[in-house]
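One point on numbering: in our numbering, the residue at position 229 of the sequence shown is 212, and numbering is uninterrupted.
For every residue, glycine included, the Cβ atom is placed at its ideal position computed from N, Cα and C.
Just so we're clear, the structure is a prediction, and the values are computed from it rather than from any experiment.
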Amino acid sequence: MRTDSTDSSTMLTGDPFSDCFTIDTTDQVHHSTAFNKPTIEVPILDPLPHLTPWSPQSSLSTPSTTSSSTEASFDDPITWSNADLLYLLTCLHSTLLLSSHLIFTPPLASLHDTPTPIHLRLYKTLPHTPIPRAAYSKHLPIGTGRPITKLLIAESSPACTSARDARTSLATNLLANQNHAAYMLDKYNVLNALHASTTTTLRALQRGMIEMLGVSAAEWVERLDQLGGWVDGECGLEARMEVFLLGVGRAETEEWVGVVEGAMGMDGDGVGWRWGWMAMGLDGDGVGWRGEGDVGGCVWGCGGVVGEGL
């Protein structure tokens, strides 16, 4: 049966169940739609300052980078402001400072308003531990078993007459710990050496560290006794690194494996880029070498087990 319709836009052909059809487009009107793209203001960022690639004159020579305001400020005397004291803490106790585990009593922000005499103390906060049941024994003295929430690291003289005197006295106390200051200086020198090394050298050092972790405790001590008195600044980087790691112990050696892995991940444009990143985080000798003239004769030495030059 065939049906004709003047209003129909389609016409069936052949089999009525067929999918074939014809579309009449004579009466169709096409409307074009115009889209207006929104205008977005894109900020223009200033380029980062260019860092001069390091030219290795020696295995551990100081690389040349562009001069910075920080380097120029080293010529000025240390006044031991709040910023100076915090900078010293970033050198001596960076992990504790960055993890907010250091507290001042009284707080540095209110030190100028603190009545004299001022006794400035620096504490390390300790994680809370549950009180053991044995601490409630009636036979123990009162206060036994109370949790200790902080540990004293350094303190100023108890009778400082000004905020500046309190900060200077505290800095003197911090730098008086020669063993810790020498250890941190060795640590930064090792970081400098690692970030100034090629990726090939870093891979070799990391393989050596992993092999060290597999030796017995007796062999560890024996190896330290063999190398400790003979390795100095004239030896190669690998030998000095081995003595340093033997001296700091197995647990810290595991951490240095991760440090080397991170240094290799900063390959960027090569050694120069990696050292440029390092120079922004550390200021070379910094406050430590200047401590002799600015804080009561305290000197940072290159101590520890590494020997002179690392």
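- Residue environment analysis places valine 198 among the exposed positions, since fewer than 16 neighbouring C-beta atoms fall within 10 angstroms of its C-beta.
- Note that the C-beta distance between serine 139 and alanine 149 is below 8 Å.
- Annotation: the continuous beta strand (DSSP E) that includes glutamate 138 extends over 133 to 138.
- Tryptophan 239 and asparagine 156 have their C-alpha atoms spaced approximately 29 Å apart.
- DSSP places cysteine 218 in the coil class of the three-state scheme, outside both helix and strand.
- Measuring C-alpha to C-alpha distances from glycine 230 to each of Ala187, Asp208, Gln161 identifies Asp208 as the nearest.
- Minimum Cα-Cα distance from alanine 201 among the listed residues Leu91, Arg233, Asn162 corresponds to Arg233.
- In terms of CA proximity to alanine 92, Asn65 leads the group Ile193, Asn65, His163.
- For threonine 78, the closest alpha carbon among the candidates Glu221, Met167, Trp63, Leu220 is that of Met167.
- DSSP places leucine 207 in the helix class (H, G or I) of the three-state scheme.
- When the alpha-carbon of serine 82 is set against those of Gly245, Glu217, Pro98, Leu109, the nearest one is in Leu109.
- Spanning the alpha carbons of cysteine 143 and cysteine 74 requires a straight line of approximately 25 Å.
- Close CB contacts of leucine 85 within its chain, under the 8 Å cut and outside five residues either way in sequence, are with Leu72, His76, Leu79, Leu105, Tyr106, Lys107, Thr108, Ile136 (chain order).
- Excluding residues up to 5 positions away in sequence, Cys143, Ala149 lie with their Cβ nearer than 6 Å to the Cβ of isoleucine 101 in the same chain.
- Per the DSSP secondary-structure output, lysine 107 pairs in a beta bridge with Leu85, Leu134.
- In the DSSP secondary-structure assignment, cysteine 74 is not bridged to any residue.
- Annotated three-state conformation of isoleucine 193 is helix, per DSSP.
- Here isoleucine 61 is buried, its C-beta having at least 16 other C-beta atoms within 10 Å.
- Valine 242 and tryptophan 203 have their C-alpha atoms some 21 Å from each other.
- Remark: C-beta atoms of glutamate 221 and glycine 245 do not approach each other more closely than 8 Å.
- Take the alpha-carbon of proline 141 and the one of aspartate 96: they are about 17 Å apart.
- With a beta-carbon spacing of about 7 Å, leucine 153 and leucine 68 fall inside the 8 Å limit used to define contacts.
- Within a 10 Å sphere around the beta-carbon of glutamate 225 sit 16 or more other beta-carbons, which makes this residue buried.
- A check of alpha carbon separations from aspartate 169 across Arg223, Trp63, Leu134, Thr182 identifies Arg223 as the nearest.
- Contact check for tryptophan 63 and threonine 151: beta-carbon distance about 5 Å, within the 8 Å limit, so the pair qualifies.
- Glutamine 161 counts as exposed, since fewer than 16 other C-beta atoms from the protein chains shown sit within 10 angstroms of its C-beta.
- Annotation for leucine 94: no alpha helix (DSSP H) segment contains it, and DSSP assigns it neither H nor E.
- Distance from the CA of methionine 195 to the CA of alanine 187, rounded to the nearest whole angstrom, comes to 12 Å.
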